[in-house]
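Comments concern the structure below.
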Amino acid sequence: MHIRQVRKVKRNRLPIRVWQEYQQPSSEAALMQLLRPYNGSHIHGFYQLLWPKMRRRMRLLWTLALLSAFTVLIYISYLLGERYHLKQFHTLIADSHWPIQNIAFPVLIVCNKNRLNWSRLPEVSRRYNISAAQQPLFERVLTAYDALTTTRFDVFETLHDQPLETINHLNFTQIVSELSWRCDEMLRDCSWHTQYRNCCELFRPRRLPQGPCLAFNEEEQRASAETGRSTGLIVRLLLNEERHAPGNRETKGFVVDIVEPGNWYSFPISLMPYTDTDIGLSAVYHFYDEDTFSMSSQQRQCLLDYEHEGHHFQTLKGYKYRMENCLAECQQRHMLRYCNCTLDLFYPPSDHVACQLKDVLCLAAHNHLFQNVGQTGEESYVIQNGTGIICDCVYNCKSLTLITDERQVLSGLWQVDNGSLRITNRSMLLNFYYNQNIILVYRTSLIYSWMDLIGR
Numbered sequence: 001m002h003i004r005q006v007r008k009v010k011r012n013r014l015p016i017r018v019w020q021e022y023q024q025p026s027s028e029a030a031l032m033q034l035l036r037p038y039n040g041s042h043i044h045g046f047y048q049l050l051w052p053k054m055r056r057r058m059r060l061l062w063t064l065a066l067l068s069a070f071t072v073l074i075y076i077s078y079l080l081g082e083r084y085h086l087k088q089f090h091t092l093i094a095d096s097h098w099p100i101q102n103i104a105f106p107v108l109i110v111c112n113k114n115r116l117n118w119s120r121l122p123e124v125s126r127r128y129n130i131s132a133a134q135q136p137l138f139e140r141v142l143t144a145y146d147a148l149t150t151t152r153f154d155v156f157e158t159l160h161d162q163p164l165e166t167i168n169h170l171n172f173t174q175i176v177s178e179l180s181w182r183c184d185e186m187l188r189d190c191s192w193h194t195q196y197r198n199c200c201e202l203f204r205p206r207r208l209p210q211g212p213c214l215a216f217n218e219e220e221q222r223a224s225a226e227t228g229r230s231t232g233l234i235v236r237l238l239l240n241e242e243r244h245a246p247g248n249r250e251t252k253g254f255v256v257d258i259v260e261p262g263n264w265y266s267f268p269i270s271l272m273p274y275t276d277t278d279i280g281l282s283a284v285y286h287f288y289d290e291d292t293f294s295m296s297s298q299q300r301q302c303l304l305d306y307e308h309e310g311h312h313f314q315t316l317k318g319y320k321y322r323m324e325n326c327l328a329e330c331q332q333r334h335m336l337r338y339c340n341c342t343l344d345l346f347y348p349p350s351d352h353v354a355c356q357l358k359d360v361l362c363l364a365a366h367n368h369l370f371q372n373v374g375q376t377g378e379e380s381y382v383i384q385n386g387t388g389i390i391c392d393c394v395y396n397c398k399s400l401t402l403i404t405d406e407r408q409v410l411s412g413l414w415q416v417d418n419g420s421l422r423i424t425n426r427s428m429l430l431n432f433y434y435n436q437n438i439i440l441v442y443r444t445s446l447i448y449s450w451m452d453l454i455g456r
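Here full-length UniProt numbering is used: the first residue of the sequence shown is 1, the next is one more, and so on.
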């Protein structure tokens, strides 16, 4: 009887103990109750970490594994976010056989290194009422203009201590334009597409950083699909050395600049006297696709046609943004900064104040600054080559690069005259044509777009 009562008491104590433990749960049991909804998580390793019967050693290992995985997740997410924020690009070939007739034939600009036809000086002197006392200074100023470029302001150094105020009222830009070479004085025997043409119907007067010049195809923008020598433009250049300024001892010859229509200038090619020159041309076209248009020009490092705001945008008046036009405008603004005027002889008409004769001494004093022109990021290069100016210019997002293949052959007929050699041929033949009828096209696009990130 007694034994039965003891068993009954033991049998009743077990549910009581369980009930008491349920009524007064331990801290561990309370934590498990809190995390119970997450015990069934499908995150790999999270279920094992919260399993009540998991040993401490295994729980520690799973904790380390989860922390490592979480760290890697954060790191990869950071790399992806940074990569998208930096907007990394890649450039691929979009078309290797784009027909070259889709673009206009380049503008060919020809300049005589001696800018002025000195034979017309007496006529100009009479027109501007230059007195006998003013004539020597007038000729000295024009001799400096005869060799003037945007990198040769030092030609005005000979005018120090001269009474410039006596002729300061004269508009030397107008005078130089009147003395510059006319089409019929410098060009002859022109042909276009193997057809002989009047040179003065093909070429028009044009300003350039090299001075007054003559330009072909700037307004007409003719296209061409012909390739090979003598299929483009042929023109004979007349040096007319006997009409050069006697005081200009600079090298004789011509300067040729080849630009895309709408560009003000490019890198000129110097032609030696008495040579026949062949210039073959090929082109490369580069554009940024529409995925990059949502970015700022600073990230993209190029400007679209409609992006007229921002510190990158500066261009010549009346011209679309091109990097070359930006550099030309930047040079003008540096002239304004240092001398409060600009030499309008080198640029299209604008609202900038034009330099008078008295201002050229300031330009000569700052000539060293215009020897080197660099873009933002090229400061170290400009400093290594002496002082210079830095222009915040970027490429336009649709740019055409013209590649030239130049060949010069001596054309003068040498003959012996009284024991000395002299050149009998006083002209130079220029042959300008396409080397190939296709253009290589490059496209720049984002490596990652929003859809790429979502898909990955």
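Don't be surprised by glycine CBs; every beta carbon is placed ideally from N, CA and C.
Where residue i falls: helix, strand or coil (DSSP)
i	result
W118	helix
T444	strand
I258	strand
S282	strand
residue 541	Residue numbering for the chain in the displayed model covers 1 to 456; residue 541 lies beyond these limits and cannot be assessed.
N396	strand
N112	strand
R422	Residue confidence is low: R422 scores 48 on pLDDT, short of 50, so the model does not pin down where it sits. No coordinate-derived value is stated.
Y78	helix
E406	strand
F287	strand
S96	strand
T342	strand
D305	coil
T71	helix
F89	strand
Q314	coil
Y196	strand
Q101	helix
Status (buried if at least 16 other CB within 10 Å, exposed otherwise) for residue i
i	result
L79	exposed
P246	exposed
A364	buried
G318	exposed
Q88	exposed
T277	buried
V259	buried
R140	exposed
R249	exposed
N102	exposed
C-alpha distance - residue i paired with residue j, whole-angstrom precision
i	j	result
L64	R56	12 Å
T404	T166	47 Å
L429	P261	24 Å
N217	T401	17 Å
R229	L361	46 Å
R407	L271	10 Å
T292	D95	19 Å
W414	G280	Residue placement at W414 cannot be trusted, given a pLDDT of 45 that sits under 50; what the coordinates show is reported in the next sentence. Rounded to the nearest angstrom, the two C-alpha atoms are 27 Å apart.
T315	D184	33 Å
Y288	C393	17 Å
Q134	I109	34 Å
G253	T173	23 Å
P122	H352	31 Å
L137	H160	11 Å
S191	V235	7 Å
T91	Y442	7 Å
G374	L67	51 Å
Where the alpha helix (DSSP H) through residue i begins and ends
i	result
H334	M323 to C339
M186	C183 to M186
S411	No alpha helix (DSSP H) holds S411; DSSP gives it neither H nor E.
Q174	F172 to L179
Q299	S297 to R300
A364	V360 to A365
Element boundaries [beta strand (DSSP E), containing residue i]
i	result
A215	G211 to F216
P136	Counting along the chain, P136 falls outside any beta strand (DSSP E), though it belongs to the alpha helix (DSSP H) covering Q135 to D146.
L430	S427 to Y434
C355	Looking at the DSSP string, C355 is not in any beta strand (DSSP E), and its letter there is neither H nor E.
L208	F203 to L208
R222	From DSSP, R222 is part of no beta strand (DSSP E); its letter is neither H nor E.
L237	L233 to L238
Residue i and residue j closer than 8 Å at C-beta
i	j	result
Y434	G232	yes
M323	Y395	yes
I100	N437	yes
N372	N325	no
Y145	P209	no
A104	Q221	yes
L336	Y321	no
Y130	Y285	According to the sequence as given, residue 130 is Ile; it is not Tyr. Not a contact, by the Cβ cut-off of 8 Å.
F370	Q331	yes
A215	V107	yes
Y128	L179	no
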